[in-house]
Amino acid sequence: MAPQVLVAYGTKNGSTQEIAQAIGDALRAHGMGAEVLAASEVSTVGRYGVVVLGGALYRGRWHGDAVRFARRHGAALWDRTVWLFSSGPLDASAGEREILPVRGARRALVRLDAREHVTFGGRLEAGVPGRMARMIVESGRGGDFRDFARISAWATKIAHEAAADVQA
Ligand SMILES: Cc1cc2nc3c(=O)[nH]c(=O)nc-3n(C[C@H](O)[C@H](O)[C@H](O)COP(=O)(O)O)c2cc1C
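123 is the number of the first residue of the sequence shown in our numbering; add one for each residue after it.
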């Protein structure tokens, strides 16, 4: 039987949550059971065979909820399959080249013995609170750079590997 998947996310303004939801939808489309939850709300990971953990990037850091999730559940996740993602770049770069994980995500990669880390483009639009956010938007560097076809393709890869792991 395909393992149950947890997709946990750390977000400030909601765009990483939408990426997590798209991953959950794509996993379900491949016949997997998937739950999508805020990383801060997950108390135990015992019932999941696969965990996807994602965090937004702010000032070169992985979102604190994702960092804490990796710390809190590190031991319990040691024998599960873990996949990591970051979301942030406000340009096309994430689709053009590999963007290496920032320190928190890099630590999680090692701590959780994760299979892979990928970076997806982010979204920043008018109305988001914060001086820096407003400055970025006002300077014309905001927008939605999330590539949902790429996100869904990554989730499909996770589903295929989970199926292969079950058969192995
Ligand atoms: C103050 C501020 C700092 C940011 N710093 C980074 C950064 O260091 N690296 C990056 O790739 N994106 C950065 N971004 C872009 C965000 O990661 C992007 O808007 C992301 O989609 C936010 O995710 P969320 O909506 O889930 O909070 C920053 C955005 C703001 C407003």
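By construction, the Cβ of each residue, glycine as well, lies at the ideal position given by its N, Cα and C atoms.
Reference residue i; option with closest CA among the options
i	options	result
His152	Ala124, His185 and Arg245	Ala124
Arg229	Ala142, Gly186 and Arg253	Gly186
Arg190	Ala161, Pro223, Thr278 and Leu222	Ala161
Lys134	Leu128, Ile145, Arg193 and Ala188	Ala188
Thr241	Phe270, His282, Glu163 and Ser209	Ser209
Leu226	Ala192, Trp200, Glu157 and Val167	Note on identity: in this sequence residue 226 is Gly, with Leu being the wrong assignment. The option with the nearest alpha carbon to Gly226 is Ala192.
Ala281	Asp147, Tyr131, Met154 and Gly132	Met154
Leu299	Val259, Arg202 and Asp213	Nothing can be reported for residue 299: it is not among the residues displayed for the chain, which extend from 123 to 290.
Pro211	Trp200, Ala178 and Lys279	Ala178
Per-residue burial, residue i [other beta carbons within 10 Å of its own, 16 or more giving buried]
i	result
Trp184	buried
His195	buried
Leu246	buried
Leu128	buried
Ser261	exposed
Val158	buried
Through-space distance from residue j to residue i, alpha-carbon basis
i	j	result
His239	Trp276	11 Å
Leu206	Arg263	26 Å
Val272	Ala197	The displayed chain sequence assigns Arg, not Val, to residue 272. Cα to Cα, Arg272 sits roughly 30 Å from Ala197.
Gly171	Ser165	15 Å
Gly244	Glu140	11 Å
Ala284	Pro251	39 Å
Arg150	Phe270	15 Å
Phe267	Val167	31 Å
Ala236	Ala255	31 Å
Gln143	Val173	14 Å
Asp147	Ile258	31 Å
Counterpart residues of residue i in DSSP-defined beta bridges
i	result
Arg245	Asp266
Glu157	Leu128
Glu140	For Glu140, which the question treats as bridged, DSSP gives no partner whatsoever.
His239	Leu206
Query raised in the report: Fully enclosed by the region 164 to 234, which beta strand (DSSP E) runs are 3 residues long or longer?
Result: Counting whole runs of 3 or more residues, the region 164 to 234 contains the beta strand (DSSP E) stretches 172 to 180 and 203 to 209.
Report task. Give, in chain order, every unbroken run of the alpha helix (DSSP H) that is at least 4 residues long and sits entirely within the region 248 to 287. Result -> With a minimum length of 4 residues, the continuous alpha helix (DSSP H) runs that stay inside the region 248 to 287 are 253 to 260.
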